[in-house]
Amino acid sequence: MNWEQLLSLKRSGDTNKRLRKEQDETRLGFEVDYDRIIFSSAFRSLQDKTQVIPLSKTDFVHTRLTHSLEVSVVGRSLGRLTGKKILEKHPHLSNIHGYQMNDFGAIVAAAALAHDIGNPPFGHSGEKAIGEYFLNGNGKRFKSQLSDKEYQDLVKFEGNANGFKILTEDRPGTPGGLRISYATLGAFMKYPKESLPHKPTKNIADKKFGFFQSEKETMLDVAQELGLSKTGKDGDISFSRHPLAFLVEAADDICYTIIDFEDGINLGLIDEDYALEYLIKLVKDNISTPKYNSLQSTADRLSYLRSLAINTLIREAAEIFLANEEAILAGEFHQALFDKSKYEAQIKDIIKISVEKIYQSEEVINKEIAGYKMLETLLDTYTSAFLPEREDLDSNFNDLVLKSVPKLKHLQAETSVYQKLIQVCSYTASLTDGFTVSSFKRYQGSGF
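Position 289 of the sequence shown, counting from 1, maps to 289 under the UniProt record's numbering, and the rest follow consecutively.
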């Protein structure tokens with residue numbers, strides 16, 4: 001892989017090559033990606049989607065939207081730090097093609113902004129709820145009508161793949177979806193492979209999958225334009241990561257490690273003294289003891305340590321990336337950046353506490369149980385309406401359901417069972433936590 005291809009400004013539908021040196025500096029292509037994402041309805045819906053506590057009643061716990069904005073800020077810094085050094089190492093990128101340090105920051109920031117855009121309601125339990133509906137629930141009735149890879153798309157429903165769908169799929173009047181630059185799409189894709197084979201290697205890029213069969217041709221076009229290295233065998237589609245995807249992943253790792261931990265302390269799920277001890281271990285080389293001791297409130301102490309921790313990990317991630325740049329470009333780097341960090345033990349300690357005290361807390365588990373039942377009901381309702389068991393079975397209820405989801409009206413003309421199912425799943429995943437609750441009540445005949 002080479003940087004000139006990897007930094008492609010191409011967008012879906014382009015017939016002429018976009019050159020960096022011809023870009024309008026007041027409206028740079030990679031910055032347009034950020035704008036298109038932040039103004040999209042899919043991004044706005046993240047304001048009511050779970051990050052830590054589903055349907056939280058507090059006024060400070062992070063949502064997917066605030067988390068995504070924070071990941072984007074961290075990603076921008078990571079991109080600029082690494083971009084500066086990459087341009088020094090490969091001066092032709094600047095001298096001949098016109099790339100600048102901020103281009104790297106803009107790409108990573110936009111990809112990081114979108115990294116959760118395809119996630120269903122109720123966090124990762126929402127993904128599992130959709131998958132289990134097709135694996136063990138009523139959705140299993142469709143298995144015989146699907147190819148192995150189509151069925152795997154459903155039983156292992158993946159928010160990353162749904163995000164790629166949202167960013168790229170054609171919609172009436174909007175061919176190419178948001179028409180994001182291919183460089184940003186590449187950086188967005190942490191798992192540039194299809195759903196089967198499942199985890200074929202220990203390579204971090206094979207941990208999950210990044211596109212549905214419905215977007216296979218789009219993915220192949222993006223991969224070819226960017227020059228991503230092929231890794232798939234026997235006709236299976238998979239590629240090495242775009243190098244900047246490692247930075248997007250690192251930005252996400254930094255934020256959920258530090259900021260979810262902070263939320264747990266503010267919620268009272270993690271004891272302050274115990275938690276501060278863990279954060280201090282992470283920043284002990286940079287902390288100003290007099291300043292720390294002068295802070296009177298928990299919130300101020302947390303804010304100071306959080307800022308130090310994020311800055312420490314940004315610089316650590318950039319150093320690891322640059323030290324391994326050649327291996328990354330060769331497709332020979334197969335782990336997350338922080339797997340090589342000198343702070344790996346401290347990070348794992350913090351995540352372990354977060355899992356035990358936050359993600360597995362009684363409040364989270366109880367709400368996730370409710371979320372499972374709600375999503376199962378919605379999927380049953382939608383699949384019964386759009387894919388009735390018998391064409392001659394007239395149901396006024398199903399007719400009313402069809403009218404209640406105008407965004408899926410076009411599915412009535414769709415003949416492919418797979419296309420109908422993946423669109424139903426994508427629509428269900430697009431719902432906010434609150435709208436899922438209200439839809440569940442409506443279809444159950446309650447809540448009026």
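Ideal placement from N, C-alpha and C gives every residue a C-beta, glycine not left out.
Alpha carbon of residue i to alpha carbon of residue j, nearest angstrom
i: residue 46; j: residue 111; result: 15 Å
i: residue 455; j: residue 200; result: Any answer about residue 455 is impossible in this case: the structure gives the chain only from 1 up to 448.
i: residue 150; j: residue 162; result: 14 Å
i: residue 383; j: residue 215; result: 21 Å
i: residue 104; j: residue 4; result: 12 Å
i: residue 244; j: residue 229; result: 14 Å
i: residue 441; j: residue 370; result: 12 Å
i: residue 287; j: residue 212; result: 46 Å
i: residue 331; j: residue 188; result: 17 Å
i: residue 141; j: residue 2; result: 46 Å
i: residue 269; j: residue 33; result: 38 Å
i: residue 424; j: residue 224; result: 30 Å
i: residue 75; j: residue 408; result: 34 Å
i: residue 219; j: residue 290; result: 53 Å
i: residue 309; j: residue 258; result: 7 Å
i: residue 260; j: residue 353; result: 11 Å
i: residue 366; j: residue 44; result: 26 Å
i: residue 445; j: residue 418; result: 29 Å
i: residue 434; j: residue 233; result: 43 Å
i: residue 388; j: residue 395; result: 9 Å
i: residue 153; j: residue 237; result: 14 Å
i: residue 185; j: residue 294; result: 45 Å
i: residue 362; j: residue 198; result: 32 Å
i: residue 364; j: residue 124; result: 12 Å
i: residue 351; j: residue 344; result: 11 Å
i: residue 18; j: residue 340; result: 36 Å
i: residue 397; j: residue 413; result: 19 Å
i: residue 328; j: residue 360; result: 35 Å
i: residue 420; j: residue 405; result: 14 Å
i: residue 349; j: residue 385; result: 47 Å
i: residue 146; j: residue 15; result: 35 Å
i: residue 87; j: residue 49; result: 38 Å
DSSP beta-bridge partners of residue i
i: residue 174; result: 171
i: residue 239; result: 230
i: residue 193; result: 238
Cutoff 6 Å; reference residue i; Cβ partners in own chain excluding five residues on either side
i: residue 496; result: No statement about residue 496 is possible, as the shown extent of the chain runs from 1 to 448 and does not include it.
i: residue 431; result: 121
i: residue 51; result: 62, 63, 64, 67
i: residue 98; result: 20, 21
i: residue 85; result: 322
i: residue 183; result: 7, 8, 107
i: residue 155; result: 131, 134, 135
Same chain, Cβ closer than 8 Å to residue i, neighbours up to 5 away in sequence not counted
i: residue 375; result: 120, 121, 122, 126, 129, 130, 133, 428, 436
i: residue 443; result: 377, 378, 381, 401
i: residue 368; result: 54, 122, 123, 125
Chain-order list of residues whose beta-carbon lies under 7 Å from that of residue i (same chain, five-residue window excluded)
i: residue 355; result: none
i: residue 137; result: 376
i: residue 148; result: 196
i: residue 82; result: 104, 247, 318, 321, 322
i: residue 312; result: 282, 283, 286
i: residue 272; result: 265, 298
i: residue 178; result: 36, 37, 40, 167
i: residue 160; result: 118, 190, 191, 208, 210
i: residue 426; result: 162, 165
i: residue 28; result: 106
Anticipated Cβ contact below 8 Å, residue i with residue j, distance rounded
i: residue 255; j: residue 22; result: Incorrect: roughly 35 Å between the Cβ atoms, too far for contact.
i: residue 8; j: residue 226; result: 6 Å
i: residue 253; j: residue 336; result: 7 Å
i: residue 202; j: residue 191; result: Going by Cβ atoms, the distance from residue 202 to residue 191 rounds to 13 Å, so no, they are not a contact pair.
i: residue 158; j: residue 106; result: Not quite, the Cβ-Cβ distance comes to about 26 Å (not below 8 Å), so this is no contact.
i: residue 411; j: residue 251; result: In fact, because the Cβ distance is near 36 Å, the residues do not count as touching under 8 Å.
i: residue 302; j: residue 280; result: So it is not a contact: roughly 11 Å between Cβ atoms.
i: residue 80; j: residue 95; result: Contact flag wrong, Cβ pair sits at about 19 Å.
i: residue 241; j: residue 205; result: 5 Å
i: residue 109; j: residue 72; result: 5 Å
i: residue 347; j: residue 338; result: 6 Å
Any C-beta of chain B under 7 Å from that of residue i
i: residue 11; result: Structure shown: chain B not included; a single protein chain is present.
Runs of beta strand (DSSP E) lying entirely within the region 391-417, each at least 3 residues, in chain order: none
Minimum length 3: unbroken beta strand (DSSP E) runs contained in the region 1-78: none
Completely contained alpha helix (DSSP H) runs for the region 263-292, where each covers 4 or more residues: 272-283
Any alpha helix (DSSP H) of 4 or more consecutive residues that is wholly inside the region 310-357: 325-329, 344-354
Beta strand (DSSP E) runs contained entirely in the region 72-127, provided each spans 3 or more residues: none
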